[in-house]
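Following: one structure in structure tokens, then a few remarks.
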Amino acid sequence: MSYVVKVQTSASRMAAIGTAILIPVAFILPLFASRSLLQDLFFIFTMLTLAQWWNLLAGYGGLVSVGQQAFVGMGAYAMFGTVILLGWDPVPSILAGGIVALLLALPTAFFAFRLQGAYFAIGTWVIAEITRLTVAQWKQLGGGTGTSLPRSATRDIMFVDGIKALFDTKTSVARDILAYWLALILVILTIAAIYWLLRTRRGLALAAVRDNLQAARSVGVDPDKIKWLTFLAAAFGTGLTGALIYMQKARISPDAAFSVVDWTAYVIFIVVIGGIGTIEGPILGVIVFLLLQSLLASYGTWYLISLGLIGIIVMLFAPRGLWGLLSDRTGIELFPVQRRLVMNKKLSKEK
Amino acid sequence: MSILSISKLCKSFGFLKVADEISFDVPAGQALGIIGPNGAGKSTLFNLITGNISSDGGQIFFQNEDITQVSPMKRTLSGIGRSFQIPQPFDKLTVFENLLVAGTFGRNLDEAKTTDNCVEILQETGLAKHVNLPAGQLSLLERKRLELARALATNPELLLLDEIAGGLTQGECDSLVATIKSIHEKGVTIIWIEHVLHALTSVVEHLLVLDFGRVIAIGDPGEIMKSKEVREIYLGIEV
Numbered sequence: 000m001s002y003v004v005k006v007q008t009s010a011s012r013m014a015a016i017g018t019a020i021l022i023p024v025a026f027i028l029p030l031f032a033s034r035s036l037l038q039d040l041f042f043i044f045t046m047l048t049l050a051q052w053w054n055l056l057a058g059y060g061g062l063v064s065v066g067q068q069a070f071v072g073m074g075a076y077a078m079f080g081t082v083i084l085l086g087w088d089p090v091p092s093i094l095a096g097g098i099v100a101l102l103l104a105l106p107t108a109f110f111a112f113r114l115q116g117a118y119f120a121i122g123t124w125v126i127a128e129i130t131r132l133t134v135a136q137w138k139q140l141g142g143g144t145g146t147s148l149p150r151s152a153t154r155d156i157m158f159v160d161g162i163k164a165l166f167d168t169k170t171s172v173a174r175d176i177l178a179y180w181l182a183l184i185l186v187i188l189t190i191a192a193i194y195w196l197l198r199t200r201r202g203l204a205l206a207a208v209r210d211n212l213q214a215a216r217s218v219g220v221d222p223d224k225i226k227w228l229t230f231l232a233a234a235f236g237t238g239l240t241g242a243l244i245y246m247q248k249a250r251i252s253p254d255a256a257f258s259v260v261d262w263t264a265y266v267i268f269i270v271v272i273g274g275i276g277t278i279e280g281p282i283l284g285v286i287v288f289l290l291l292q293s294l295l296a297s298y299g300t301w302y303l304i305s306l307g308l309i310g311i312i313v314m315l316f317a318p319r320g321l322w323g324l325l326s327d328r329t330g331i332e333l334f335p336v337q338r339r340l341v342m343n344k345k346l347s348k349e350k
Numbered sequence: 000m001s002i003l004s005i006s007k008l009c010k011s012f013g014f015l016k017v018a019d020e021i022s023f024d025v026p027a028g029q030a031l032g033i034i035g036p037n038g039a040g041k042s043t044l045f046n047l048i049t050g051n052i053s054s055d056g057g058q059i060f061f062q063n064e065d066i067t068q069v070s071p072m073k074r075t076l077s078g079i080g081r082s083f084q085i086p087q088p089f090d091k092l093t094v095f096e097n098l099l100v101a102g103t104f105g106r107n108l109d110e111a112k113t114t115d116n117c118v119e120i121l122q123e124t125g126l127a128k129h130v131n132l133p134a135g136q137l138s139l140l141e142r143k144r145l146e147l148a149r150a151l152a153t154n155p156e157l158l159l160l161d162e163i164a165g166g167l168t169q170g171e172c173d174s175l176v177a178t179i180k181s182i183h184e185k186g187v188t189i190i191w192i193e194h195v196l197h198a199l200t201s202v203v204e205h206l207l208v209l210d211f212g213r214v215i216a217i218g219d220p221g222e223i224m225k226s227k228e229v230r231e232i233y234l235g236i237e238v
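Listed in order, the protein sequences are those of chains S and A.
Reading the first sequence from the start, the letters are residues 0 to 350 in numbering that gives the first Met the number 0.
Reading the second sequence from the start, the letters are residues 0 to 238 in numbering that gives the first Met the number 0.
Written out as structure tokens, the structure reads:
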């Protein structure tokens with residue numbers, strides 16, 4: 000018998016070509032773009048990175064965490080800590096942020112993995128709150144009121160002088176360009192890593208564990224191993240993003256860095272309205288989110304209420320999100336992971 | 000040579016003894032049927048053999064190795080495959096991907112190296128028409144076939160079937176039995192729990208009767224079904 004296993008679709012081939020063009024354009028964008036556009040894009044890239052990691056956890060792994068703000072906050076605080084206490088440059092400190100978030104994920108997973116479903120969600124939230132309260136005791140980093148990156152550290156961040164010379168611009172603009180590039184690299188690497196993971200056999204195992212734990216075990220999948228791998232990877236990516244966000248903000252406080260609304264509720268909103276369990280969903284979701292924010296943010300509480308309402312409506316009428324709606328109608332998949340078996344009937348008849 | 004050897008296996012849930020010093024041997028290549036009333040401990044016995052639940056005492060030998068403390072995943076790798084009483088497909092994965100998971104992780108192979116085998120099994124089990132359909136959309140018969148196919152994809156030497164013919168129409172049942180027969184003819188050892196007796200007895204060479212976690216009888220199906228005790232326990236007939 001003859002067969003082919005296909006993952007690519009014609010839309011995904013177009014998407015690959017589109018991405019190959021878009022990435023270089025995105026890198027040279029600071030040459031033309033205004034500072035406010037770069038700041039908007041920084042926001043999009045960092046929120047999208049957080050959303051992709053949460054989507055990997057919840058949409059592919061079935062691990063619905065509402066405690067990801069623990070890793071944003073921990074990554075950000077570790078970055079501030081290495082800058083202020085050890086005198087590192089902020090750029091390599093971002094990496095330290097990712098690593099410390101990864102370390103925090105070890106005890107978090109150890110406790111939270113004993114819980115299932117809604118209990119797991121609440122457990123992760125509780126652990127995040129404990130982390131926030133603990134960090135607020137860290138007097139050298141400002142305790143409960145927080146602190147700023149020292150001027151000596153922000154004045155000569157790695158690469159900033161080079162960017163200043165290259166673009167012939169002020170330090171503050173050069174810092175925004177640096178943050179933009181780092182966020183761009185981070186979001187590209189995140190999507191590439193997640194897409195690669197889903198295309199390997201570990202991606203299959205992750206889906207199997209999500210769909211049916213008992214059956215996954217019975218066909219030789221080790222659910223614990225795959226859950227740990229996913230959770231640790233998501234914590235590392237989330238920690239890096241947190242550190243980068245706060246390098247750009249240059250000011251930190253426990254309430255802001257460990258905010259469940261900013262770093263988990265918004266992220267869940269992005270994934271849910273965009274389409275959970277797809278890579279395209281969060282991309283669409285973050286754009287919708289930014290539009291809603293720029294339209295409604297001046298309405299204060301009404302903004303949050305309308306976000307909630309939109310979330311509920313999407314969950315009720317388009318449970319697979321806007322991308323799910325679009326993809327069901329058109330059959331388009333930009334990042335396909337499904338392995339389709341195409342049998343060649345003619346050949347198999349001859350045989 | 001026996002492929003599976005169980006010795007004084009015990010398991011209790013609270014005061015309820017679901018496995019009470021169960022001992023029996025299964026020679027390689029045999030098809031053994033297990034019958035018994037509801038709650039006799041049949042599915043529990045399967046869960047003990049696959050390691051989904053741990054035993055309170057006794058030993059399980061598979062291919063002369065003590066696997067009593069071995070994890071379910073390693074038991075699958077060493078050649079024990081199973082189907083579930085209530086089909087447990089990976090709903091959002093396609094039929095082909097369901098087999099692919101089993102073929103890669105159950106045999107520790109790359110996707111490409113196990114695909115040939117998966118395609119063969121899909122044709123053998125009559126699922127070739129639905130390869131790219133999400134498993135959640137299958138009918139009951141197709142789900143049962145998928146249970147069988149997925150277990151086969153792990154390349155088992157011992158295949159445990161849990162009421163795979165239950166709930167099917169006569170025609171569906173017959174075609175499934177034919178598939179199971181052909182698998183058995185290839186030399187796969189089968190242990191099959193079933194209430195649909197005519198399906199069971201058309202395949203198995205040996206029959207084991209379980210009641211309250213104890214082995215009541217084991218031997219030739221014809222003789223066992225004639226036995227007074229078995230008829231009383233299993234069929235509820237006053238003799």
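We treat Cβ as the ideally placed atom computed from N, Cα and C, and that holds for glycine.
No experiment lies behind these values; they were computed from the predicted model shown.
In this structure, W191/A is the residue among N97/A, W191/A and I182/A with its C-alpha nearest to the C-alpha of F45/A. One Cα belongs to R200/S, the other to Q38/S, and the distance between them is close to 38 Å.
For Y2/S, the nearest beta carbon of chain A is closer than 8 Å to its own beta carbon. Taking 8 Å as the CB threshold, R142/A stays off the interface with chain S. Taking a C-beta distance under 8 Å as the contact criterion, F89/A and A206/S qualify as a contact pair. Ranked by Cα distance from I217/A, the first of L167/A, K143/A, F211/A and H205/A is H205/A. Residue range G56 to F61 is occupied by the beta strand (DSSP E) that includes F61/A.
Beta-bridge analysis with DSSP links T93/A to P133/A. Three or more pairs of CB atoms, one per stretch, sit closer than 8 Å, so the segment 182-202 of chain S contacts the segment 103-110 of chain A.
Check the Cα spacing between Y2/S and each of S54/A, R74/A and F95/A: the tightest is with F95/A. Residues of the segment 194-212 of chain S with a C-beta atom less than 8 Å from some C-beta of chain A are R200, L203, A204, A206, A207, R209, D210 and N211, listed in chain order. Taking 8 Å as the cut-off, the beta carbon of Y245/S is found closer than this to the beta carbon of F79/S. Under the DSSP assignment, L283/S falls outside any beta strand (DSSP E), being part of the alpha helix (DSSP H) whose first and last residues are E279 to L295. At the C-beta level, G72/S and T130/S come within 8 Å of one another. At a cut-off of 8 Å, the C-beta of L99/A has a neighbouring C-beta in chain S. Setting aside the 5 residues that flank it on each side, I225/S is surrounded in the same chain by A204, L205 and V208, each with a C-beta closer than 6 Å to its C-beta; the list follows chain order. Relative to the Cα of I309/S, the nearest Cα in the group G273/S, A77/S and Q337/S belongs to G273/S. Look at V63/S: its C-beta is not under 8 Å from any C-beta on chain A. Counting only Cβ-Cβ distances below 7 Å, V218/S has contacts in chain A at T75, V100, A101, F104, G105, R149 and T153, in chain order. Here V25/A is buried, its C-beta having at least 16 other C-beta atoms within 10 Å.
Rounded to the nearest whole angstrom, the C-alpha separation of E162/A and E110/A is 30 Å. Checking the DSSP bridge columns, you'll see M342/S partnered with Y2/S.
In the three-state reduction of the DSSP assignment, G80/A falls in the strand class. Under the three-pair Cβ rule at 8 Å, the segment 106-120 of chain S does not count as touching the segment 248-263 of chain S. Cβ contact annotation for S54/A (same chain, cutoff 8 Å, sequence separation greater than five): L8, C9, K10, A18, L47 and T67, in chain order. Counting only unbroken stretches of 3 or more residues, the beta strand (DSSP E) elements lying wholly within the segment 128-214 of chain A are 157-161, 188-192 and 205-210, in sequence order. For T114/A, there are no CB contacts under 6 Å within the same chain when 5 residues up- and downstream are skipped. T178/A has its alpha-carbon roughly 41 Å from the corresponding atom of N54/S. Judged by DSSP secondary structure, E20/A falls within the beta strand (DSSP E) whose first and last residues are L15 to P26.
Burial is judged here by how many other beta carbons sit within 10 angstroms of a residue's own beta carbon; V218/S has at least 16 and is buried.
Among the residues facing chain A, L47/S is not included, as its CB has no counterpart in that chain under 8 Å away.
Within its own chain, the residues whose Cβ lies closer than 6 Å to the Cβ of F70/S, once the five positions on either side in sequence are excluded, are A100, A234, T237 and G238, listed in chain order.
At a cut-off of 8 Å between beta carbons, A10/S makes no contact with chain A.
Within chain S, the residues placing a beta-carbon under 8 Å from that of V118/A are M0, Y2, L340 and M342, ordered along the chain.
Using a Cβ-Cβ distance cut-off of 8 Å, the segment 13-33 of chain S and the segment 179-187 of chain S are in contact, since at least three pairs of beta carbons, one from each stretch, lie closer than that value. At a cut-off of 8 Å between beta-carbon atoms, K91/A makes contact with chain S.
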